[in-house]
Amino acid sequence: MSDHRRLGRELELFDTDPLMGSGLPYWLPDGASVRHALEEYIRSAERRAGYQHVYSPVLGKRELYELSGHWAHYRDDMFPPMDLGGEQVVLRPSLCPHHALIYRSRLHSYRDLPVRMAELGGMYRSELSGVLGGLSRVRAIQLNDAHIFCTLDQVADEAQAALAMIRRAYAALGITPSRYRLSLPGAGGKYVGEQENWGRATDLLRDVLERSGLDHEPAGGEAAFYGPKIDVQVVDSAGRESTLSTVQVDFHQPEQFDLHYIGADGARHRPVMVHRSIIGSVERAVAHLIEQHDGAFPAWLAPTQLVILPITEAERPAAQALARRCENLRVDIAGPDRGSLGARVRENRKVPYQAVIGAREASADQVALRLRDGRRLDPMPAAEVLDRIAAIVGAHRPELWGR
Ligand SMILES: [Zn+2]
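Using this note's numbering, the letters of the sequence shown correspond one by one to residues 143 to 545.
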């Protein structure tokens, strides 16, 4: 594994500027391509799993976070409030309070549950500048977040389905978790809600881990202030562990926001909130992907998926014609003006597919394909190559080619 900050600069994925400020990286075009592919994958996986997407603002009134409990329990990590015409607004430290208000804005029957509300949304954390660096610790965070409002009976299935989504995403992304952690409260008074609910939520999450056949370790002092959680942990190039994905059970915020649904008995009942994130923040996920793959992303995520290498200028028209046929792929042509064939192959060593076109290939509408892992395939019809790559990319398969 190599440091994502070095690779990020070398591969021109992201950078920072002292005038924007530390912990506020910007994304260059190649980094933005990776991020866009990742966000699209998440949105489509969520749509297929029955989530509905919303947008909510990155600011809220201070009272909102007083109600949610963030102001009392999380203020040290929040930016100071801004005075605005007699009221105070804050950059949000999480999306939960906004989603609770959106749920509350409509009447819900037990037949509508579970309501699965998802958003890739901005949130902010006032990290100290000493700990900032690259994409793994930032002050402006794009979170892949969702809240499932459901009955107590539905919590286990919803949490288990969320965990299954996380494992599918990791398979597509080529991420191996270092461990699953059952994060429990520790000593001290920073936890809210009744003891009975904490016990119930913990039992539910432990059952979900066991039913999923996952080894896990309990960790005191790592719970959210409102409830216990399953954390999926990864390790970075420096050996530091951090949380990427999480599934949490929360009885507290539904209480605070007085959320309800109408039951089969016609009476009002309190839903439970399951908080879950498949890849955590986009920044940390991409930081981890850069390190895990040493900048050589799975084909579906790669900034450039196919580079076409005409051997001489005579094959440039054939290269251009091939590029025009790659409708849904991110393609680049590296012609002889960019150096010898060997130099161009080296320069594009992180690109999963390299299509070499010589005189023979050009006249036969064929391609001599080189794979990033060093394999060199015999010349094949161009259409066959493009179909195969499109199928691998479209299915988010982690392997380059198969057998
Ligand atoms: Zn939440």
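Ideal placement from N, C-alpha and C gives every residue a C-beta, glycine not left out.
Being a predicted model, the structure only gives us computed values, none of them experimental.
In this structure, Leu237 has its CB closer than 7 Å to one or more heavy atoms of ligand 1. Rounded to the nearest angstrom, the gap between the Cα atoms of Pro160 and Asp407 is 60 Å. For the options Gly369, Ala441, Ala343 and Pro222, the alpha carbon positioned closest to that of Val232 is the one of Pro222. In chain order, Glu154, Leu155, Phe156 and Asp157 place their CB closer than 7 Å to the CB of Leu170, counting only its own chain and leaving out the 5 sequence neighbours on each side.
Taking 7 Å as the cut-off, one finds at least one heavy atom of ligand 1 near enough to the beta carbon of His417. Scanning Ala510, Asp378, Phe291 and Arg248 for the CA closest to the CA of Gly275 turns up Asp378. Between the alpha carbons of Ser271 and Arg279 lies a gap of roughly 10 Å. Not a single heavy atom of ligand 1 lies less than 7 Å from the C-beta of Asp218. Checking the 7 Å criterion, the Cβ of Asp287 is within range of a heavy atom belonging to ligand 1. Distance from the CA of Ala301 to the CA of Ala506, rounded to the nearest whole angstrom, comes to 54 Å.
In this model, Leu315 and Ala409 are separated by some 45 Å (Cα to Cα). Where Gln302 is concerned, the enclosing alpha helix (DSSP H) starts and stops at Val297 to Leu315. When DSSP states are grouped into helix, strand and coil, Leu170 belongs to the coil group.
Residue burial annotation: Asn470 is exposed, with fewer than 16 other C-beta atoms found within 10 angstroms of its C-beta. Taken atom to atom, the span from the alpha-carbon of Val428 to that of Arg147 is near 11 Å.
The segment 493-508 and the segment 433-452 touch, with three or more beta-carbon pairs separated by less than 8 Å. Assignment of Ser247 by DSSP, reduced to helix, strand and coil, places it in the coil class.
In the structure shown, the three-state DSSP call for Thr385 is strand. Glu425 sits buried, since 16 or more C-beta atoms from the chains shown fall within 10 Å of its C-beta. The beta carbons of Val376 and Pro319 sit closer together than 8 Å. Between Ile421 and Asn286, the C-beta gap is smaller than 8 Å, which places the two residues in contact.
Restricted to the segment 160-245, the alpha helix (DSSP H) segments that are unbroken, complete and at least 4 residues in length are 171-190, 204-210 and 212-215, listed in chain order. Around the C-beta of Ser175, 16 or more other C-beta atoms lie within 10 Å, and the residue is accordingly described as buried. Distance from the Cα of Arg348 is smallest, within the candidate group Leu305, Tyr312, Glu503 and Phe367, for Leu305.
Within the same chain, Val297, Ala298, Ala301 and Val391 come within 8 Å of Leu346 by CB-CB distance, once the 5 residues on both sides are set aside. Nearest neighbour of Val200 by Cα position, chosen from Arg185, Val350 and Arg281, turns out to be Arg281.
Comparing alpha-carbon positions, the option among Tyr322, Val414, Arg518 and Ala524 lying closest to Leu464 turns out to be Ala524. Take Val487, set aside five residues on each side of it, and the residues of its chain with a beta-carbon closer than 8 Å to its own are Leu451, Gln496 and Arg512, in chain order.
Beta-bridge partners assigned by DSSP to Ala510: Val498.
Short of 6 Å from the beta carbon of Gly363, and not among the five residues preceding or following it, lie these beta carbons of its own chain, in chain order: Gly328. Cβ neighbours of His435 within its own chain (closer than 8 Å, five residues either side excluded): Gly316. Taking C-beta atoms under 8 Å as the contact rule, Ser144 and Glu433 qualify, at a distance of about 7 Å.
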